[in-house]
Amino acid sequence: GAAGATGFGSMADTGLLESLLRLLEKVDGGTDSQDVAADLGVDHQVIVGAVKSLQALGEVISTEQKSSKHWELTGEGREIAEQGSHEARVFNAIPDEGLPQNGLMKMPSGKVGFSKAMSNKWIRLDKAHEGGPRVFKTVETIEDTVRDKLQLVQKGQSAKLEDKEKTELKKRKLLSEVTVKSYWITKGSSFSTTITKQETELTPEMIASGSWKEKKFKPYNFEAMGVAPDCGHLHPLMKVRTQFRQIFLEMGFTEMPTNNFIESSFWNFDSLFLQINPQQHPARDQHDTFFISDPALAHEFPQDYLERVKQVHSEGGYGSQGYKYDWKIEEAQKNLLRTHTTAVSARMLYKLAQQEKFTPVKYFSIDRVFRNETLDATHLAEFHQIEGVVADYGLTLGNLMGVLHQFFTKLGITKLRFKPAYNPYTEPSMEVFSYHEGLKKWVEVGNSGVFRPEMLLPMGLPEGVSVIAWGLSLERPTMIKYGINNIRELVGHKVNLQMVYDSPICRLDS
Amino acid sequence: MPTVSVKRDLLFEALGQKYTDEEFDELCFEFGLELDEITSEKEILSREQGDEKAEGASDVVLYKIDVPANRYDLLCLEGLVRGLQVFKEKLEAPRYKRVSPADGGEPQRLVITEETASVRPHAVAAVLRNITFTQERYESFIELQEKLHQNICRKRTLVAIGTHDLDTISGPFTYTAKPPGDIRFKPLNQSKEYTAAELISHYKTDSHLRHYLHIIENEPLYPIIYDNNGIVLSMPPVINAKNYSMLLNMRNGFCVCLQAKITLDMIVTMFSEYCDEPFTVEEAEVVYPDGRLCVYPELAYRTETLSGDFINKRVGINESAESIAQLLTRMCLRSEVSGEGDLIQVEIPPTRADVIHACDIMEDAAIAYGFNNIIRSTPRTYTVANQLPLNKLTELLRQDLTAAGFTEALTFALCSQEDIADKLRKNIVETRAVHISNPKTAEFQVVRTCLLPGLLKTLAANRKMPLPLKLFEISDVVLKDETKDVGARNNRRLCAVYYNKSPGFEVIHGLLDRVMQLLDVKPGRNQGYHIQAAEDSTFFPGRCAEIFSCGKSIGHLGVLHPDVISRSELTMPCSAIDMDIEPFL
Chain A
1 GAAGATGFGS MADTGLLESL LRLLEKVDGG TDSQDVAADL GVDHQVIVGA VKSLQALGEV
61 ISTEQKSSKH WELTGEGREI AEQGSHEARV FNAIPDEGLP QNGLMKMPSG KVGFSKAMSN
121 KWIRLDKAHE GGPRVFKTVE TIEDTVRDKL QLVQKGQSAK LEDKEKTELK KRKLLSEVTV
181 KSYWITKGSS FSTTITKQET ELTPEMIASG SWKEKKFKPY NFEAMGVAPD CGHLHPLMKV
241 RTQFRQIFLE MGFTEMPTNN FIESSFWNFD SLFLQINPQQ HPARDQHDTF FISDPALAHE
301 FPQDYLERVK QVHSEGGYGS QGYKYDWKIE EAQKNLLRTH TTAVSARMLY KLAQQEKFTP
361 VKYFSIDRVF RNETLDATHL AEFHQIEGVV ADYGLTLGNL MGVLHQFFTK LGITKLRFKP
421 AYNPYTEPSM EVFSYHEGLK KWVEVGNSGV FRPEMLLPMG LPEGVSVIAW GLSLERPTMI
481 KYGINNIREL VGHKVNLQMV YDSPICRLDS
Chain B
511 MPTVSVKRDL LFEALGQKYT DEEFDELCFE FGLELDEITS EKEILSREQG DEKAEGASDV
571 VLYKIDVPAN RYDLLCLEGL VRGLQVFKEK LEAPRYKRVS PADGGEPQRL VITEETASVR
631 PHAVAAVLRN ITFTQERYES FIELQEKLHQ NICRKRTLVA IGTHDLDTIS GPFTYTAKPP
691 GDIRFKPLNQ SKEYTAAELI SHYKTDSHLR HYLHIIENEP LYPIIYDNNG IVLSMPPVIN
751 AKNYSMLLNM RNGFCVCLQA KITLDMIVTM FSEYCDEPFT VEEAEVVYPD GRLCVYPELA
811 YRTETLSGDF INKRVGINES AESIAQLLTR MCLRSEVSGE GDLIQVEIPP TRADVIHACD
871 IMEDAAIAYG FNNIIRSTPR TYTVANQLPL NKLTELLRQD LTAAGFTEAL TFALCSQEDI
931 ADKLRKNIVE TRAVHISNPK TAEFQVVRTC LLPGLLKTLA ANRKMPLPLK LFEISDVVLK
991 DETKDVGARN NRRLCAVYYN KSPGFEVIHG LLDRVMQLLD VKPGRNQGYH IQAAEDSTFF
1051 PGRCAEIFSC GKSIGHLGVL HPDVISRSEL TMPCSAIDMD IEPFL
């Protein structure tokens, strides 16, 4: 976090920092951190630490990162710089009277040193010596050039060596070329050679004593992220649900009780004037509906109403030809998982029709529905349906479009057009399209229509009352809103909680 | 929604006009169709079977057009063109006429015997006289039959269509039913004779026909149609006989449909266009087992009378009766102003079986007017909004549960029996679960009876997340309940889990205290809430308590049983709370 300041270990000791600053004071135009290291006789990494500490103090120094190539001794190279080359060590180990070869070979530098010293002609081997092969010096003194060269490099004077020599030493794994990241250090705008100790945080004591006035505070690193608050998170789909609820409430719509997943075929299909013979509506298809084996049948219906529904299906009436088929109560009784929340709308409209005097209503619901269909990236066996219903005298198709326009405007969608469509329980039926600026085309955003008289009149609603309705899924706009392509990444137990933690608040109109 | 595939150039030729793809798409949109895809046989083949197979296939441009599920009159090129041409006022809707045989000849007759009672005791028939097919027309004819079979005929279970070359057979025809062993004929596309029983086993491996075998397979008698000489015409709904089916070069067609008059009307209205005398269909007589004689096709026209005011008021427009009559005429509903007030007489042709109410006529007027020309207006319906108290409580609690540091999960309402029983160490019988009769997989066997399985699965899927994991869900479970009309009810529950290296019972207990504080219920034995040691097989013995509020048990909390943890593919201890929130409404 910002308060964590540099994020590096403990601050370099003040003495070193001040030495560095004094050094910097003397040079014009700045200096390289490697030179500082050489001058102060400390390791370059220590100077790097000091530079970072100084940076944290504000504008005392200003720096520029550099990288340069540089020759460095390997572990073995350092050993040689200290103790001499293997061949020199071998040479020095041999007394004037010579040394048995097998004894020499046991020395740590024995093998390498022996062959190098041999090829340098510093020593000779007397194979025929009594008591086994023996090694003798051939010269009085030697010059250990390898050690000399390595010592030059160690002193930072590798430039004095020829490239060929360096390559040779590299081949012997005594030297390596490394890239060094260093700093070009110049005086900063508030340069000073003395360090005032900086405070990390304001304390209650400082406030009480007023000492904060004299203190310098370590600057914050505003580039770092803060610490995540310890909190819970709402699920994005539920956040969107909340917004849709809000929109309906703002528009004066009352929430329907949709807490009944199990529904009878009667309310799910028949009451809506959906045929029992699965001829037209996909939802009625056996294959798309989850039927219930236990409790298999519903056992209670409003009898008068049920008779009227039976009649309008099998014989017609209310100005309708009907579907002319043998309507069976056995089918209507079958329990299922509701395939749409319109089953609840039907219950509510029936209830409304039982009032002594009709009063206009606006209803909405957002709840789960179930389809036994093939699952893919955008289809699950359960999803949330959003539904709006308005019942009043004299509502027109133009009114439906007007309400849809208001509703979608609240979602930030203003460009709408309507396509004639087919839905077995609404007539007219319209698909709602909105212009997608990104895709540069019209995309379907919902379905709507005017409920059929064959649905409304048997309920007992007055003749002049029209009921307009529309629906859409909750998942689709949410997937678009949060940029999710696979519905399984949004709904169900497989969602990544990180996605839930990270999802922003939902404002549908922005 | 059925999709009709037509050759673009053929379509434009028939429409007498060329369109760009965009223009045609617009026309479809306005008329209630959808230009779903622009493709070619080659493209389809290459997509489905790879480029190699597509080599040499036709690259003639095909339009795939989605047609509303109730518009059987738009399921072929002929119908689509007719509908669009009338809509564009380039053509007057034809009148379909049933005619008697020329030269006073006897009509063709189909006699239905009483044996059919056990299978499909209805059939209708008609004759397409002096018809001229081309390759394209013939293909369209076959495709329409297939489309009708798939849609209105519900994969042949409701209706079966047979079409035959009348010049190769001779009436009267008999529609009867016989034991499968007694039926022998040479079926379409086969070179030898089979008995019906042999055919059934032969077609078991036919990718197309095997889907229709179940309709008659287990019947003692199979439906069969013979001509006067005992020649088999067809064994509906499975197959026609060879040699007697309608062919490209035949001139007179005999159409038989089991069950539905609408289907027969649809076939003959669409293709009578190609008869020497277009749009006429020669009648056929059908004699029923009870001696009743009916003449088909019906080709019934029906007249409805409605007022211009009705249309105006329902659509939200203000048009004269004359102009509304004109709009309807454009939808193949020939209409006239009757002269009485603003009454309009609307004639419903046999092709428009979808028109069953004045509202269907109203919709057609609105389509012809143009949905997008209708002025959008806000209804003046004044209402005061109310939230459902249960949802209001849920919304408020969800907010505060996240404030308490718990993250909301959203899990499925459907699950397996194992999820709510074995995995929680419960007996399925005791769960009061609602069972699904037709689940495709085990994931959809029951409706959840508690929220815990979903939360445990969410934990399992997120084991890599930093601990502790604190999750909650407030949602519905479903329980059997005899007192409800459907025998089951939803129950809104609150469930939360704490998953960490230590069980954290105190965390879950603290959450209960917080929830009760939010619900304004004080700790206490009588009017308040308290918890009390309990045994529950889902929880670790001695680490489970029952929650009581105002003396009523509302749920449990505790440390989950180690077996529940491991059966959920989890490794850490976990404590949970599961409670009913409905008592707090």
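Going down the list, the sequences are from chains A and B.
Note that this note's numbering has the first sequence beginning at 1, numbered continuously upward.
Note that this note's numbering has the second sequence beginning at 511, numbered continuously upward.
Note that the Cβ used here is the ideal one computed from N, Cα and C, for glycine as well.
Query raised in the report: Short check: CB of A/THR478 to CB of A/PRO257, under 8 Å?
Result: Here residue 478 of chain A corresponds to residue number 478 of the first sequence, with the count starting at 1. Here residue 257 of chain A corresponds to residue number 257 of the first sequence, with the count starting at 1. Not in contact: A/THR478 and A/PRO257 (Cβ atoms no closer than 8 Å).
Report task. Evaluate contact between the segment 382 to 400 of chain A and the segment 464 to 474 of chain A, counting only Cβ atoms and requiring at least three cross-stretch pairs below 8 Å. Result -> yes
**Report entry** Contacts around B/MET776, its chain only, beta-carbon distance under 6 Å, and the 5 residues preceding and following it disregarded
**Finding:** Walking along the second sequence from the start, residue 776 of chain B turns up at place 266. Excluding residues within five positions, the ones whose Cβ falls inside 6 Å are TYR582.
Report task. May I have the straight-line CA-CA distance separating B/ILE1091 from B/ASN1000, to the nearest angstrom? Result -> As a first step, residue 1091 of chain B is located in the second sequence; it is residue number 581 there, counting from the start. As a first step, residue 1000 of chain B is located in the second sequence; it is residue number 490 there, counting from the start. Between B/ILE1091 and B/ASN1000, the C-alpha separation is close to 12 Å.
Query raised in the report: Would the segment 857 to 865 of chain B and the segment 807 to 817 of chain B be scored as touching if the rule is three or more Cβ pairs under 8 Å?
Result: yes
Query raised in the report: Quick one: what's B/ALA876 bridged to in DSSP?
Result: If you number the second sequence from 1, residue 876 of chain B lands on position 366. Paired residues: none, contrary to the question.
Report task. Could you confirm whether any beta carbon from chain A is found closer than 8 Å to the beta carbon of B/THR1081? Result -> Along the second sequence, one-based indexing puts residue 1081 of chain B at 571. With 8 Å as the cut-off, B/THR1081 does not count as an interface residue toward chain A.
Query - Cβ contact (3+ pairs, closer than 8 Å) linking the segment 952 to 972 of chain B and the segment 923 to 939 of chain B - result: yes
Report task. Go to A/ASP230, then tell me how far its alpha helix (DSSP H) extends in each direction, as first and last residue. Result -> On the first sequence, position 230 is the one that residue 230 of chain A refers to. From DSSP, A/ASP230 is part of no alpha helix (DSSP H); its letter is neither H nor E.
Requested in this report: Helix, strand or coil for A/ARG284, going by three-state DSSP, please let me know.
Outcome: Position 284 of the first sequence holds residue 284 of chain A. Bear in mind that the predicted position of A/ARG284 carries a pLDDT of just 48, short of 50, making it unreliable; the figure below should be weighed with that in mind. If DSSP states are grouped into helix, strand and coil, A/ARG284 belongs with the helices.
Query - 9 Å Cβ cut-off: residues of chain A touching B/ARG942 - result: One-based indexing of the second sequence puts residue 942 of chain B at position 432. Within 9 Å Cβ-Cβ: nothing; B/ARG942 doesn't reach chain A, min ~10 Å.
**Report entry** Where the segment 396 to 413 of chain A meets chain B: residues whose CB sits under 7 Å from a CB there
**Finding:** THR396, LEU397, GLY398, ASN399, MET401, GLY402, VAL403, HIS405 and GLN406
Requested in this report: Tell me, please, whether the CB atom of A/HIS86 is closer than 8 Å to any CB atom in chain B?
Outcome: Here residue 86 of chain A corresponds to residue number 86 of the first sequence, with the count starting at 1. With 8 Å as the cut-off, A/HIS86 does not count as an interface residue toward chain B.
Report task. Quick one: grab the DSSP three-state call for B/PRO512. Result -> Sequence index remark: in the second sequence, residue 512 of chain B carries index 2 (1-based). Residue state, collapsed to three classes: coil.
Query raised in the report: Counting contacts by CB-CB distance shorter than 8 Å, is A/GLN311 in contact with chain B?
Result: Translated into positions along the first sequence, residue 311 of chain A becomes position 311. With 8 Å as the cut-off, A/GLN311 does not count as an interface residue toward chain B.
Query raised in the report: Beta-carbon of B/PRO689 versus every beta-carbon of chain A: anything under 8 Å?
Result: Working through the second sequence from its first residue, we reach residue 689 of chain B at position 179. B/PRO689 does not count as touching chain A.
Report task. Name, in chain order, the residues that DSSP records as bridge partners for B/ASN1001. Result -> The count along the second sequence starts at 1 and reaches residue 1001 of chain B at position 491. BP columns for B/ASN1001 point to B/VAL987.
Query - For A/GLN279, the three-state DSSP class (helix, strand or coil) - result: Taking the first residue of the first sequence as 1, we reach residue 279 of chain A at position 279. In this predicted model, A/GLN279 has a pLDDT of only 41, less than 50, meaning its place in the structure is not dependable; the value taken from the coordinates is given anyway. In the structure shown, A/GLN279 sits in coil (DSSP, three-state: anything other than H, G, I, E or B).
Query raised in the report: Interface residues of chain B around A/VAL344 at Cβ under 7 Å?
Result: The residue you call residue 344 of chain A lines up with position 344 of the first sequence. Simply none; closest approach about 11 Å.
Report task. Alpha carbon to alpha carbon, how far is B/TYR736 from B/ALA687? Give it in angstroms, no decimals. Result -> Along the second sequence, one-based indexing puts residue 687 of chain B at 177. Along the second sequence, one-based indexing puts residue 736 of chain B at 226. The straight-line gap from Cα to Cα measures roughly 10 Å.
Query raised in the report: Within the 8 Å Cβ cut-off, does B/CYS1084 reach chain A?
Result: Along the second sequence, read from residue 1 onward, the residue named residue 1084 of chain B stands at position 574. Cβ-Cβ to chain A under 8 Å: no for B/CYS1084.
Query raised in the report: Ordered along the chain, which non-local residues of its own chain (more than five positions away) have a Cβ less than 7 Å from that of A/VAL309?
Result: In the first sequence, residue 309 of chain A corresponds to position 309, counting from 1. For A/VAL309, where only same-chain residues beyond five positions count, the Cβ hits under 7 Å are ASP270, SER271 and PRO458.
Query raised in the report: Can you tell me whether A/LEU461 is buried or exposed, with buried defined as 16 or more other CB within 10 angstroms of its CB?
Result: Locating residue 461 of chain A in the first sequence gives position 461, counting from the first residue. Buried, by the Cβ-count rule.
Query raised in the report: From the beta carbon of A/TYR501, is the nearest beta carbon of chain B less than 8 Å away?
Result: Translated into positions along the first sequence, residue 501 of chain A becomes position 501. It does; some Cβ of chain B falls within 8 Å.
Query - Closer than 8 Å to chain A by CB, B/GLN618 - result: For the purposes of this step, residue 618 of chain B is taken as residue 108 along the second sequence, with counting starting at 1. No, its Cβ sits nowhere closer than 8 Å to a Cβ of chain A.
Query raised in the report: If you pair each beta-carbon of the segment 863 to 878 of chain B with each one of the segment 824 to 831 of chain B, do three or more pairs fall below 8 Å?
Result: yes
Report task. At 8 Å on the CB atoms, spell out the chain A contacts of B/ARG1002, in chain order. Result -> As a first step, residue 1002 of chain B is located in the second sequence; it is residue number 492 there, counting from the start. The contacting residues are ASN259.
Query raised in the report: Can the beta-carbon of B/TYR713 be found less than 8 Å from the beta-carbon of B/VAL742?
Result: Position 203 of the second sequence, counted from the first residue, corresponds to residue 713 of chain B. Position 232 of the second sequence, counted from the first residue, corresponds to residue 742 of chain B. Result no, Cβ atoms of B/TYR713 and B/VAL742 do not sit closer than 8 Å.
Report task. For B/SER556, I'd like the list of residues in its chain whose CB is within less than 6 Å of its CB, leaving aside the five on either flank, ordered along the chain. Result -> As a first step, residue 556 of chain B is located in the second sequence; it is residue number 46 there, counting from the start. Only ALA564 meet the Cβ criterion.
Query raised in the report: So what's B/ILE866 in DSSP terms, helix, strand or just coil?
Result: Against the second sequence, residue 866 of chain B aligns to sequence position 356. B/ILE866: coil per DSSP, three-state reduction.
Query - Member of A/VAL51, A/LYS137 and A/ALA88 whose CA lies at the smallest distance from the CA of A/THR517 - result: For residue 517 of chain A there is no data in the structure shown, the boundaries of chain A being 1 and 510.
Query raised in the report: Do the segment 635 to 644 of chain B and the segment 872 to 883 of chain B meet, that is, are 3 or more Cβ pairs less than 8 Å apart?
Result: no
Requested in this report: Please compile the residues from chain B whose C-beta is within a distance smaller than 8 Å of the C-beta of A/GLN321.
Outcome: Position 321 of the first sequence holds residue 321 of chain A. Near A/GLN321 (Cβ distances below 8 Å), the residues of chain B are ILE866 and HIS867.
Query raised in the report: Could you give the C-beta distance for B/ALA1086 and B/LEU1070, rounded to a whole number, given that I count them as a contact under 8 Å?
Result: Within the second sequence, the letter at position 576 stands for residue 1086 of chain B. Within the second sequence, the letter at position 560 stands for residue 1070 of chain B. Right, the Cβ-Cβ distance comes to about 6 Å (below 8 Å), so this counts as a contact.
Query raised in the report: Within the chosen definition, does the segment 391 to 399 of chain A reach the segment 351 to 365 of chain A through at least 3 CB pairs nearer than 8 Å?
Result: yes
Query raised in the report: For A/PRO420, which beta-bridge partners are listed by DSSP?
Result: As a working note, residue 420 of chain A is residue 420 in the first sequence. Its beta-bridge partners are A/MET430.
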